[in-house]
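What the sequence shown shows, in the numbering used here, is residues 1 to 539, in sequence order. Every residue, glycine too, gets a C-beta built ideally from N, C-alpha and C. Below is one structure; the comments refer to it alone.
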Amino acid sequence: MLYPTSSDQPLDAIIVGAGLSGMYQLHTLRDQLNLRVKVLEAAEGVGGTWYHNRYPGARCDSESHSYMFYFSKALVASWDWSERYPQQPEILRYMNHVADFLKLWPDMVFNTRVQSAQFDEPNNLWRVTTSQGEEWRAKYLITAVGCLSSANVPDIPGLDSFAGEWAHTGAWPLDGLDMTGKRVGVVGTGSSGIQAIPVIAEQAAHLTVFQRTANYSIPARNAPLSEDFKQHVKQTADDIRQLMQETPNAHCFRIQPRSAWDVSDVERQAIYQAAWDKGGLQFRATFNDLLRDKEANDTAAEFIKHKIKQVVRDPHTAELLSDIDHPFAAKRPPIDSHYFETYNRDNVSLVDIRRHPILHIDAQGIQTSQAHFPLDVIVFATGFDAMTGSLLRMNITGREGLTLKDAWHAGPRSYLGLQVPGFPNMFTITGPGSPSVLCNLPPQIEQHVNWITDCIAYLHKQGIQQMEADTAASDDWVQQVNDAANETLLPQVRHSWYLGANVPGKPRVFMPYAGGFARYRGICDEVAAQGYKGFLLRA
Ligand code: NAP
């Protein structure tokens, strides 16, 4: 047995997950604090969500120079992205490069899924059991399981009887899925579906898209990066990092400090047109009230709906695609490469499953309330049990037998998205209650990991054995998360995964902190400066 089991000395920390957050957390605890740490990872390699999301067209919606670590100048200098938005294989190469660069491999254990984690109160230890039949023990349990890692396959009757092949975008087969010359159905038109559909359409004999909710999308305008730009990123790394820390969504662009009503109708259209031409998530940064003022939002929504109708030639299809029932960017806005144009292909058709729902799947294909669609392959681009799914799947039990499932029966409750009352010495990187999915994630990961690292250093220095989120502080934080969301249009979309609405039976609670990354960072820093106010510290 290579690694410590129950008979050996406990570790200082167990980190669950070898995505960006788990890898950086390993580096800081091991190389800065000199702690004994292991990462446990279910997959065969590093990458987290990027390991599993190998679907055709998978690409990051954050611009590549913002989707990387900035904590080390040498690491920044050692890497070049090739495109404005990196594709999944390139991101996975970056993650492997990070593991090489930081020499992380000896302390990561793969093919090892955590099956349970139990707090052993008398010994002040976490006991973690794995799919390999091992038990690991450590003082700290740090979850680095990602926010979008638990694939949500809809429970459609008859899926088992389907004679063709099917896959979920978020759990894509490692050796791919050959769709050449086949009849393919894609269920779902969120970010994943919108990325996959144009690529699948090029391979398939026929592609049928099953749309429940029409969606906005902005052209990504992906392109190769010039050598000049690659150098510019290295030379201005400090500025880029600073900018991402100051913006609400941790992206490399500022939200314009103007209301949609500060300009004339003609100027507003010109601003939207310029943002459309430039492409990317910046479109929502054109005005500062798009997510707060419904009428301001309507101006952006109408612009995009008009574009869809201009692009899509068949009027019925254009109508279905532009019949969008929620404000722009109130659900996470996708960006695309020729998504709407794809519906002009002869081999692509769109089916409205809002009006004519899927009834069941049989051996030959999908049956809606209107027609039967014979298929060879079904792709579920149906999203994730976001933010809480992967945490709850770990069967975590805290003090006095309290399970995380019970603690969160009415929705996730945490302090700052970092700790849960009743679960001492457990930290949740980008957990529910943090800005997480509303942000470009690498800067938020750096911030959380640095905070946790500083915190553990403080605990050791002060001789504190146990740290736990205070219940009252957590309740207050949950209220602040709700208040921040209610200042925006985001909670108004009742079918949003931000609210857990995509998973049957999941409590409807707005999960991420919508008050902005910069504000959140300030709050976390203040809490630390006040001796970790709101946490119970036990000597
Ligand atoms: P999603 O946004 O949750 O979209 C899921 C789609 O499947 C929606 O169209 C949804 O319809 C539909 N759907 C869900 N359950 C269904 C059912 N039972 N029957 C029929 N349709 C169903 O999932 P996603 O596209 O995977 O994206 C999730 C998040 O992952 C994104 O918002 C983004 O944060 C992240 N992501 C990032 C990238 C990137 O940066 N590269 C790429 C992809 C995803 P309704 O809208 O009606 O629920």
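Any idea what DSSP makes of lysine 139, helix, strand or coil?
strand
### Message
Under DSSP, the beta strand (DSSP E) around tryptophan 166 begins and ends at which residues?
### Response
165 to 168
key: Backbone secondary structure at leucine 162 - three-state DSSP   = Per the sequence presented here, residue 162 reads as phenylalanine, with leucine not at that position. The answer is coil: DSSP assigns phenylalanine 162 none of H, G, I, E or B.
Count Cβ pairs between the segment 505 to 520 and the segment 472 to 488 that sit closer than 8 Å; are there 3 or more?
yes
Exercise. Alpha carbon to alpha carbon, how far is methionine 467 from glutamine 245?
Worked result: 27 Å
*asked:* Once DSSP output is grouped into helix, strand and coil, what is the label at histidine 360?
replied: The answer is strand: DSSP assigns histidine 360 an E or B state.
- Task: Flag this pair as yes or no: are the beta carbons of leucine 416 and glycine 433 separated by less than 8 Å?
- Result: yes
**OP:** On a CA-only basis, which of Leu35, Gly19, Val16 and Gly22 is nearest proline 10? Give me that one, please.
**Re:** Leu35
task = With leucine 11 as the anchor, note down where its beta strand (DSSP E) starts and where it stops.
result = 11 to 16
If I measure Cβ to Cβ from aspartate 385 and keep anything under 6 Å in the same chain, skipping five residues before and after, which residues do I get?
Ser150, Asn152 and Val503
Next item on the list: Please confirm whether any heavy atom of the ligand MN lies closer than 7 Å to the CB of isoleucine 271.
Entry: Annotation note on the ligand MN: not contained in the displayed structure, which lists the ligand NAP as its ligands.
Exposure label - glycine 181; buried when at least 16 CB within 10 Å
exposed
- Query: Taking 7 Å as the line, does the beta carbon of glutamine 367 fall inside it for any heavy atom of the ligand NAP?
  - Reply: no
- What's the call for glycine 57, buried or exposed, on a 16-neighbour Cβ count within 10 Å? buried
* Less than 7 Å between the CB of asparagine 502 and some heavy atom of the ligand NAP, yes or no? -> Distance from the C-beta of asparagine 502 to the nearest heavy atom of the ligand NAP is below 7 Å.
Along the chain, where does the alpha helix (DSSP H) that runs through arginine 121 open and close? Going by the sequence as given, residue 121 is glutamate instead of arginine. Segment: none, glutamate 121 is in no alpha helix (DSSP H) and carries neither H nor E.
Using a Cβ cut-off of 8 Å (strictly closer), state whether alanine 99 contacts chain B. Of the chains in the structure shown, none is chain B; there is only one protein chain.
Exercise for the section: Just the C-alpha distance for phenylalanine 340 and arginine 221, rounded to the nearest angstrom, thanks. Expected result: 14 Å
(Q) Let me confirm a value: valine 16 is counted as buried when at least 16 other C-beta atoms fall within 10 Å, else exposed. Which label applies? (A) buried
Exercise. How do the segment 40 to 55 and the segment 74 to 83 stand: do at least 3 beta-carbon pairs fall below 8 Å, yes or no?
Worked result: no
Inset, instruction - Please look up how many angstroms separate the CB atoms of leucine 410 and proline 507, rounded, as I've assumed it's under 8 Å. - result: The sequence shown places alanine at residue 410, not leucine. Contact flag correct, Cβ pair sits at about 5 Å.
I'd like to confirm the pairing. Which residues does DSSP put opposite methionine 511 in its beta bridges?
Methionine 511 pairs with nothing; no bridge assigned.
Opposite tryptophan 261 in the DSSP bridges: which residues? Tryptophan 261 pairs with nothing; no bridge assigned.
| query | Alpha carbon to alpha carbon, what distance is there between valine 145 and valine 543? | reply | This structure gives no information on residue 543, because the portion of the chain shown stretches from 1 to 539.
Spatial neighbours of glutamine 447 within its chain, please: CB distance less than 6 Å, with the 5 preceding and 5 following residues excluded, ordered by chain position.
-> Arg521
From proline 154 to glycine 500, what does the alpha carbon distance come to, in whole angstroms? 14 Å
Margin query: Can you tell me whether tyrosine 55 is helix, strand or coil according to DSSP?
Written below: coil
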